[in-house]
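Colleague:
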Amino acid sequence: MSKIHVTTTVNGDEVEFLTDPRETLLDCLRDHLDLTGSKEGCGTGDCGACSVTVDGTLVSSCLMLGVEAEGKKIETIEGMAGKDGELHPLQRKFIEHAALQCGFCTPGFLVASKALLEKNPDPTETEVRYWLAGNLCRCTGYDKIVRAVMDAAAEMRGAA
Amino acid sequence: MTKNGSSEFRLVGTRPNRPDGLDKVTGRARYGADASMPGMLHGAVVRSPHAHARIVKIDTSKAEALPGVKGVVTRADFPTGLTGEDWDLQENTMAGEKALYDGHAVAAVAATSPLLAQEAARLIEVEYEVLPHVIDVDDAIKPDAPAIRPGAADHSVPEGSPPNVVRYLEFGHGDIEAGFAEADLVMENTYKTEATHQGYIEPHACVGQLGADGKGEMWVCTQGQWYIRRMCAAVLGIEAAQLRVTPSEIGGGFGGKTTIFMEPLSLALSRKAGGKPVKIVMSRSEVLRATGPTASASMDVKIGMKKDGTITAGYANFRMQGGAFPGAPVDMALYCAFAGYKLANVKHVGYDVLANRPKCAAYRAPGSPMGAFAVESLVDEMARKLGLDPLDVRLKNAVREGDKASYGPTFGSIGLVETLEAAKAHPNLKAPLGPNQGRGVACGYWFNHGGETSVSMAIGEDGTATVSVGTPDIGGGRASIALMVAETLGIDYDDVRVNVVETGALGVNEPTHGSRATFASGKAAVESTNQAIKEMCRRAAAEWGIDPEAVEWVNGAAQPTSSNAGKFAPMTIKEIAAKMGSTGGPISGHYEGLPSGVGASFGTHVVDVEVDPETGRTTILRYLVVQDAGRAIHPAYVEGQYQGGAVQGIGWALNEAYIYGEDGRLQNPIFLDYRVPVASDLPMIDTVIVEVPNPGHPYGVRGVGETGITPPLPAIANAIEHATGQRIRHLPISPPKLLKAIKSAAPSGPTLQAAE
Amino acid sequence: MPVIDVNLWSSLRRFAGGEEIVSVEAETVAGMINALKKAYPDLAPALDAGVSVSVNGEITNNRFAPLEEGSEVFLLQPLKGG
Numbered sequence: 081m082s083k084i085h086v087t088t089t090v091n092g093d094e095v096e097f098l099t100d101p102r103e104t105l106l107d108c109l110r111d112h113l114d115l116t117g118s119k120e121g122c123g124t125g126d127c128g129a130c131s132v133t134v135d136g137t138l139v140s141s142c143l144m145l146g147v148e149a150e151g152k153k154i155e156t157i158e159g160m161a162g163k164d165g166e167l168h169p170l171q172r173k174f175i176e177h178a179a180l181q182c183g184f185c186t187p188g189f190l191v192a193s194k195a196l197l198e199k200n201p202d203p204t205e206t207e208v209r210y211w212l213a214g215n216l217c218r219c220t221g222y223d224k225i226v227r228a229v230m231d232a233a234a235e236m237r238g239a240a
Numbered sequence: 003m004t005k006n007g008s009s010e011f012r013l014v015g016t017r018p019n020r021p022d023g024l025d026k027v028t029g030r031a032r033y034g035a036d037a038s039m040p041g042m043l044h045g046a047v048v049r050s051p052h053a054h055a056r057i058v059k060i061d062t063s064k065a066e067a068l069p070g071v072k073g074v075v076t077r078a079d080f081p082t083g084l085t086g087e088d089w090d091l092q093e094n095t096m097a098g099e100k101a102l103y104d105g106h107a108v109a110a111v112a113a114t115s116p117l118l119a120q121e122a123a124r125l126i127e128v129e130y131e132v133l134p135h136v137i138d139v140d141d142a143i144k145p146d147a148p149a150i151r152p153g154a155a156d157h158s159v160p161e162g163s164p165p166n167v168v169r170y171l172e173f174g175h176g177d178i179e180a181g182f183a184e185a186d187l188v189m190e191n192t193y194k195t196e197a198t199h200q201g202y203i204e205p206h207a208c209v210g211q212l213g214a215d216g217k218g219e220m221w222v223c224t225q226g227q228w229y230i231r232r233m234c235a236a237v238l239g240i241e242a243a244q245l246r247v248t249p250s251e252i253g254g255g256f257g258g259k260t261t262i263f264m265e266p267l268s269l270a271l272s273r274k275a276g277g278k279p280v281k282i283v284m285s286r287s288e289v290l291r292a293t294g295p296t297a298s299a300s301m302d303v304k305i306g307m308k309k310d311g312t313i314t315a316g317y318a319n320f321r322m323q324g325g326a327f328p329g330a331p332v333d334m335a336l337y338c339a340f341a342g343y344k345l346a347n348v349k350h351v352g353y354d355v356l357a358n359r360p361k362c363a364a365y366r367a368p369g370s371p372m373g374a375f376a377v378e379s380l381v382d383e384m385a386r387k388l389g390l391d392p393l394d395v396r397l398k399n400a401v402r403e404g405d406k407a408s409y410g411p412t413f414g415s416i417g418l419v420e421t422l423e424a425a426k427a428h429p430n431l432k433a434p435l436g437p438n439q440g441r442g443v444a445c446g447y448w449f450n451h452g453g454e455t456s457v458s459m460a461i462g463e464d465g466t467a468t469v470s471v472g473t474p475d476i477g478g479g480r481a482s483i484a485l486m487v488a489e490t491l492g493i494d495y496d497d498v499r500v501n502v503v504e505t506g507a508l509g510v511n512e513p514t515h516g517s518r519a520t521f522a523s524g525k526a527a528v529e530s531t532n533q534a535i536k537e538m539c540r541r542a543a544a545e546w547g548i549d550p551e552a553v554e555w556v557n558g559a560a561q562p563t564s565s566n567a568g569k570f571a572p573m574t575i576k577e578i579a580a581k582m583g584s585t586g587g588p589i590s591g592h593y594e595g596l597p598s599g600v601g602a603s604f605g606t607h608v609v610d611v612e613v614d615p616e617t618g619r620t621t622i623l624r625y626l627v628v629q630d631a632g633r634a635i636h637p638a639y640v641e642g643q644y645q646g647g648a649v650q651g652i653g654w655a656l657n658e659a660y661i662y663g664e665d666g667r668l669q670n671p672i673f674l675d676y677r678v679p680v681a682s683d684l685p686m687i688d689t690v691i692v693e694v695p696n697p698g699h700p701y702g703v704r705g706v707g708e709t710g711i712t713p714p715l716p717a718i719a720n721a722i723e724h725a726t727g728q729r730i731r732h733l734p735i736s737p738p739k740l741l742k743a744i745k746s747a748a749p750s751g752p753t754l755q756a757a758e
Numbered sequence: 010m011p012v013i014d015v016n017l018w019s020s021l022r023r024f025a026g027g028e029e030i031v032s033v034e035a036e037t038v039a040g041m042i043n044a045l046k047k048a049y050p051d052l053a054p055a056l057d058a059g060v061s062v063s064v065n066g067e068i069t070n071n072r073f074a075p076l077e078e079g080s081e082v083f084l085l086q087p088l089k090g091g
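Protein chains in written order, with my numbering: chain A, 81 to 240; chain B, 3 to 758; chain C, 10 to 91.
1) Measuring only between beta-carbons, confirm whether Thr116 (chain A) sits less than 8 Å from chain B.
2) By alpha-carbon positions, which one of B:Val419, B:Lys361 and B:Thr520 ends up nearest to Gly342 (chain B)?
3) Mind pulling the chain B residues with CB within less than 7 Å of Pro187 (chain A)?
4) For Gly410 (chain B), I'd like the list of residues in its chain whose CB is within less than 8 Å of its CB, leaving aside the five on either flank, ordered along the chain.
5) Mapping DSSP to helix, strand and coil, what is Tyr495 (chain B)?
6) Distance check for Gln225 (chain B) and Ala207 (chain B), CA to CA, integer angstroms please.
7) According to DSSP, is Val377 (chain B) helix, strand or coil?
8) Classify Leu388 (chain B) as helix, strand or coil using the three-state DSSP reduction.
9) State the Cα-Cα distance for the pair His52 (chain B) and Gly253 (chain B), rounded to the nearest angstrom.
10) Any heavy atom of the ligand COA closer than 7 Å to the beta-carbon of Ile672 (chain B)?
11) Can you check which of these residues, B:Ile57, B:Gly258 and B:Asp90, is closest to Ile476 (chain B) by C-alpha distance?
12) Quick check: the Cα distance between Gly727 (chain B) and Ala425 (chain B), rounded to an integer number of angstroms?
13) Entirely within the segment 17-56 of chain B and at least 3 residues each: give me those beta strand (DSSP E) ranges in chain order.
14) Could you check the C-alpha separation between Met3 (chain B) and Pro637 (chain B) for me, to the nearest Å?
15) Based on DSSP bridge pairs, tell me the residues matched to Tyr662 (chain B).
16) Are any of the Cβ atoms in chain C nearer than 8 Å to that of Val74 (chain B)?
17) Is the Cβ of Ile84 (chain A) closer than 8 Å to any Cβ of chain B?
18) Which residues does DSSP list as the beta-bridge partners of Val108 (chain B)?
19) Are the C-beta of Gly477 (chain B) and some C-beta of chain A separated by less than 8 Å?
20) Compare the C-alpha of Glu67 (chain C) against each of B:Pro392, B:Leu508 and B:Pro697 and name the closest.
21) Could you give the residue range of the beta strand (DSSP E) that holds Glu179 (chain B)?
22) Quick one: is Ile252 (chain B) near chain A, going by C-beta distance under 8 Å?
23) What are the residues of the segment 30-57 of chain C that lie near chain B, defined by any Cβ-Cβ distance shorter than 8 Å?
24) Quick check: the Cα distance between Thr87 (chain A) and Glu150 (chain A), rounded to an integer number of angstroms?
25) Residues in the segment 94-106 of chain A with C-beta within 8 Å of chain B's C-beta atoms, listed in sequence order?
26) For the segment 177-185 of chain B against the segment 280-299 of chain B, are there 3 or more C-beta pairs whose distance is under 8 Å?
27) Go ahead and pull the three-state DSSP assignment for Ala400 (chain B).
28) So, using beta-carbon positions, are Thr621 (chain B) and Val611 (chain B) closer together than 8 Å?
29) Is Gly601 (chain B) closer than 8 Å to Val628 (chain B) when the C-beta atoms are compared?
30) Just the C-alpha distance for Ala460 (chain B) and Ala233 (chain A), rounded to the nearest angstrom, thanks.
31) Scan the segment 15-42 of chain B for residues whose Cβ lies nearer than 9 Å to a Cβ of chain A and list them as they occur along the chain.
32) Taking the alpha carbon of Asn94 (chain B) as the point to measure from, which residue in B:Tyr625, B:Lys361 and B:Thr195 has its own alpha carbon closest?
33) Which residue from A:Asn200, A:Ala228 and A:Thr204 puts its Cα closest to that of Leu190 (chain A)?
34) Within 10 Å of its beta-carbon, does Met538 (chain B) have 16 or more other beta-carbons around it, so buried, or fewer, so exposed?
35) Which term fits Glu78 (chain C), buried or exposed, when burial requires 16 or more other beta carbons within 10 angstroms of its beta carbon?
36) So Gly66 (chain C) contacts chain B; which residues on that side make the cut at Cβ distance below 7 Å?
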């Protein structure tokens, strides 16, 4: 099958790649752009490990085709820390709260949590739990993840 | 940093950031599917759509004719003549004469892209002769069930047993009939649990390379790189030493990544494709259909109890299927079932039964959750009937140090009573319960494990330390080992780097399994460190010209044991390390062995639920885990193990199950239908870390990974009975099942019991 | 050499003349296993298939684990963890 040329913006950088039209955005990020921070846990949009934002909207990149990325602005886990490497408060709080064990679901949780806090800087525990219900974690039982998100939100409100 | 409990240590018991944290929050950490190699091909696997079928013919010609296809393998490409467990592994890797379950691999193909490999896999034509199949364990044990593997029964199976019974086991002590005669109440019930999957979020993935010279390399997500090496070598007939296996970061395992699945296929394809590396990444449905679920169980339990709660006798008869291969953990289920109870009279009978399902793999305290579900449910039913407090009944019968375990040996130091007392004292026990709400308690047990262990540590020129361990870091192992080494050495936590290394770098290590990493690799790391310390003391002594025996290690420095030994200022690790090139060369320490002194771990859980009488949905209101850690090296990761184990148990109790159709095909091989708990299903999971130090470990560690999955199954069933009056003895307690029980119970609706 | 009382699980007993506890002379776990096989050849298949041995309450895979008079020894099915 002939490939399609796609130009898009990932973490602020314009990138180009050739994709088979059957490939997902996740495939393209991982296999064509070497951005392997987004993970495939299910391929069916159930686990959230591939979460990215596309023009500011949180999506499962395994459910979007690579060709649909044309002209979009995509943010992935690799773009979350500052250019100087300074961690986003969420990243810092995940480490401090031991909110990761194996760490495989962590990029997806961080991207999804960031999207939540941009929409709702002061979420209740229940709001955090429902927003993150599309992200599966099998190690932590979610307790420390929810605490880390709440704590990061509090810090970000204080700093703002 | 907050200390937990005892403050006798400088670092042990604190909560520093994990050393691999930065890599894991930035997406940099490399997992199984994140590696590429030059010239790499991609593999895809053809799987049987039938539960049980003879493979008549495999035609690979169309696939091989497809441009870009570099190799196809079937069982014909594997050596013959394997026996025992090796044969089982080979047969599970790639079907031989028969496909034994839906999802069983029958062929594999390598091509230049993943999409092309999948296309080629679809072009492989397999002709099957479909055979009668059997799925449920109670059906599989019937004398007229389809015989899955005639001749697979071992020496333990009495003659005349049904064809799918492959292992039989019986043990106990005392006289159960006499025990039942002493009881005021004797009850017997049957309990069933369904197969569940470990559900790690990272699907199996590897890149394998194997040349015509028999030398190979593998990058793989695994709990145990040496197990991968040994098993792949056995299945492929190559030499273990020629295969170098590097573990990636691992995205969860829970026991399911202690064995091989498609790893030998990548090597076999690579060999076929002229030694090019072949990457295979499983899809989620492949993971669910063809990798390690746990066993399903059908269990009879009979218990005799006096009016005061004293248990006079226990009997358990468990039937478990672990797929089309021997190995259901019926032995461990039975060992753990009554482990918390001091019993004069107990008898266990077990059957390991074949069924047309994937070969079960270990899953967190293998067998123990099933055994606990049966016994802890019945104990609760009886306590309720006799009007006794369920925690008091357990305290009355609880095993203590010096008691004989239900499975025979005498317990050393254990902390069951301490967990029960801590649970009783917890504020959750006083929380008021409203309508449709109930409280359940249950206990659980796991042995924990030592196992083959090799660790190496070396002092750097600047006085920092590098530790090489063979146990992949699943849940903070690097952090706990770094804490123990830094504590022992008297240096900062940040001055220790712990690396998980490949098979060429150490002697053989068992996987991170059996809750052993912090116990065994930790103990080995401390022993290695003590060796290095001894050498540093020796060098200081030589410098000072005194007897090495007169030098001790205090706060990261060598010093004379007393002023009689000599008057010298302490020589720090930095000073000793800086000079090591001219004082005898590298300073390092090693440990190779089977660490002894394993300490078993008990836990007690208390759960409050609310059941919606309109829908049958159970909501967890409060959840408390109390478990004996021995000592918590990094309490945050100990809590994490308790919380994660509990939530896996909650999923098993309420929702998760392998669902098969009449055709023997798995009906729910995606996460949408195999629904694990999500954040909105749960409250915070409260934890209490009980510390009854294990005298067999330098810092008192027991191991914390597994016990926590055990009590939730019965605790939730017990809470649901408290809430609704309905006793459900077959997991999962899904909304339709519970609703049916509620509706059929009484025309006036559920019988709500007053909260205590 | 010390005399060791070895506790067999029930379904092993039929291979050892019905005895629940059998006594053999041995100084190590391996010596105990070998002595058992010699005294009760019918036990050999079960012992060769692999057993875990509990010595004084601790399950060990170390065949050289020392035994002494009065050591508590139980044979158990081989154990594995997750």
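Even glycine gets a Cβ: it sits at the ideal position worked out from N, Cα and C.
Modeller: By the coordinates alone:
1) yes
2) B:Val419
3) Gly29
4) Phe173 and His175
5) helix
6) 13 Å
7) helix
8) helix
9) 30 Å
10) Within the structure as shown, the ligand COA is missing, as the structure has no ligands at all.
11) B:Gly258
12) 24 Å
13) 43-49
14) Note that Met3 (chain B) scores a pLDDT of 34, beneath 50, so its modelled location is shaky; the value from the coordinates is reported in the next line. So the two alpha carbons sit approximately 11 Å from each other.
15) B:Leu668
16) no
17) no
18) Val108 (chain B) is not bridged to any residue.
19) yes
20) B:Pro697
21) Taken as a continuous stretch (DSSP letters only), Glu179 (chain B) belongs to no beta strand (DSSP E), being part of the alpha helix (DSSP H) at Ile178 to Glu184.
22) yes
23) Pro54 and Ala55
24) 5 Å
25) Asp100, Arg102 and Glu103
26) no
27) strand
28) yes
29) no
30) 42 Å
31) Arg17, Asn19, Arg20, Asp22, Gly23, Leu24, Asp25, Lys26, Val27, Thr28, Gly29, Arg30, Ala31, Arg32, Tyr33, Ala35, Asp36, Ala37 and Ser38
32) B:Lys361
33) A:Ala228
34) buried
35) exposed
36) Pro411, Thr412, Phe413 and Gly414
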